[in-house]
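Visitor:
Residue numbers (the numbering used here): 8 to 265.
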């Protein structure tokens with residue numbers, strides 16, 4: 008379109024408060040700005056995750072985070088407030104990723120034992136593949152969890168996980184597969200411990216036993232061990248109860264009064 012044509016078009020359609028809000032060029036500009044803002048925030052979070060995992064909240068430097076993210080310091084402070092705000096945002100980002108990945112498992116679509124095995128396998132594999140998250144969580148434990156307690160978001164993210172485990176347990180009990188006295192939080196802490204401890208303490212344990220606990224063969228045996236321990240414990244009482252009921256019925260003499 009010629010410059011004159013553009014001019015005539017603008018005269019015919021003057022920009023008013025109404026038309027400005029739907030102007031394609033302005034909408035496109037706002038869209039680009041929103042995308043750029045989201046990408047910048049994501050870059051800062053990734054850079055901050057690296058820095059906090061490596062140096063903890065005390066040793067992390069905001070300047071190093073901004074440099075790694077190729078972000079303006081002014082924008083960093085505008086998005087996250089200060090270093091503590093950024094640290095909390097990183098914690099929320101990490102736990103959001105963990106919980107979102109768990110929800111993708113679709114555990115309610117599986118039978119109870121398969122669902123529990125899937126959760127154990129996922130947790131074991133996830134921590135092995137995200138050792139930087141373990142460093143971050145260990146750092147927060149050194150802070151006695153005081154930053155994590157400030158986040159309502161992380162607590163809210165945990166509720167669906169507990170509900171999902173409760174549902175798996177309930178279904179397992181209903182069909183006689185699982186024991187009925189299992190606390191879902193206790194169970195998840197056990198699953199996490201068996202998926203986490205050998206990673207967070209890999210180097211000290213490797214030195215103690217003169218064995219590399221990071222070797223794929225050892226990790227695969229450890230994963231099977233975790234599955235066997237947890238699933239056997241979950242099903243042991245139910246199996247024993249079922250076994251006690253069946254012999255008693257078999258010992259009832261034919262024709263005896265019932």
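No residue lacks a Cβ here, since even glycine has one placed at the ideal position from N, Cα and C.
1. Whole angstroms is fine: what's the gap from residue 216's alpha carbon to residue 174's?
2. Excluding the 5 residues preceding and the 5 following residue 236 in the sequence, name in chain order all residues of the same chain whose CB lies nearer than 8 angstroms to its CB.
3. Are there 16 or more other CB atoms within 10 angstroms of the CB of residue 192, so buried, or fewer, so exposed?
4. Where does the unbroken alpha helix (DSSP H) through residue 1 begin, and where does it stop?
5. How should residue 90 be labelled, buried or exposed, when 16 other C-beta atoms within 10 angstroms of its C-beta is the threshold for buried?
6. Pairing CB atoms from the region 166-183 with CB atoms from the region 101-116, are three or more of them under 8 angstroms?
7. Would you kindly work out how many angstroms separate the C-alpha atoms of residue 24 and residue 45, rounded to a whole number?
8. Starting from residue 100, follow the alpha helix (DSSP H) in both directions and report where the run begins and ends.
9. Quick one, are the C-beta atoms of residue 57 and residue 139 less than 9 angstroms apart?
10. To which residues of the same chain is residue 96 closer than 7 angstroms at the C-beta, ignoring the five residues directly before and after it?
11. Among the candidates 199, 73, 120, whose CA atom is the shortest distance from the CA of residue 135?
12. Report the three-state DSSP secondary structure of residue 77 (helix, strand or coil).
13. With 16 as the cutoff for other CB atoms within 10 Å, does residue 181 come out buried or exposed?
14. What would DSSP say about residue 233, mapped onto helix, strand or coil?
15. Under a Cβ-count criterion, where at least 16 other Cβ atoms within 10 Å of its own Cβ denotes burial, should residue 231 be classed as buried or exposed?
16. Which parts of the region 114-173 are runs of the alpha helix (DSSP H), unbroken and 4 residues or longer, counting only runs that do not cross its ends?
17. So is residue 174 in contact with chain B if we call contact Cβ pairs under 9 angstroms?
18. With residue 141 and residue 206 assumed to form a contact (beta carbons below 8 angstroms), what rounded beta-carbon distance in angstroms separates them?
Guide: Result, derived from the coordinates:
1. Spanning the two alpha carbons is a distance of roughly 40 angstroms.
2. Cβ within range, chain order: 201.
3. So residue 192 ends up on the exposed side.
4. Because residue 1 is not part of the residues shown, which for the chain are 8 to 265, the question remains open.
5. So residue 90 counts as buried.
6. Touching, per the Cβ criterion.
7. Residue confidence for residue 24 is low, a pLDDT of 35 falling below 50, so the modelled location carries little weight and cannot support an answer.
8. Counting along the chain, the unbroken alpha helix (DSSP H) around residue 100 starts and ends at 90-110.
9. Cβ distance < 9 angstroms, so residue 57 and residue 139 count as in contact.
10. Cβ within range, chain order: 52, 87.
11. Selected option, being the one with the closest Cα: 199.
12. DSSP, reduced to helix, strand and coil, places residue 77 outside both helices and strands of the structure shown, so it counts as coil.
13. Flag for residue 181 reads exposed.
14. Residue state, collapsed to three classes: helix.
15. Label assigned to residue 231: exposed.
16. Restricted to the region 114-173, the alpha helix (DSSP H) segments that are unbroken, complete and at least 4 residues in length are 119-136, 138-149, listed in chain order.
17. Among the chains in the structure shown there is no chain B, since it carries only a single protein chain.
18. With a contact defined as Cβ atoms closer than 8 angstroms, residue 141 and residue 206 qualify at about 6 angstroms.
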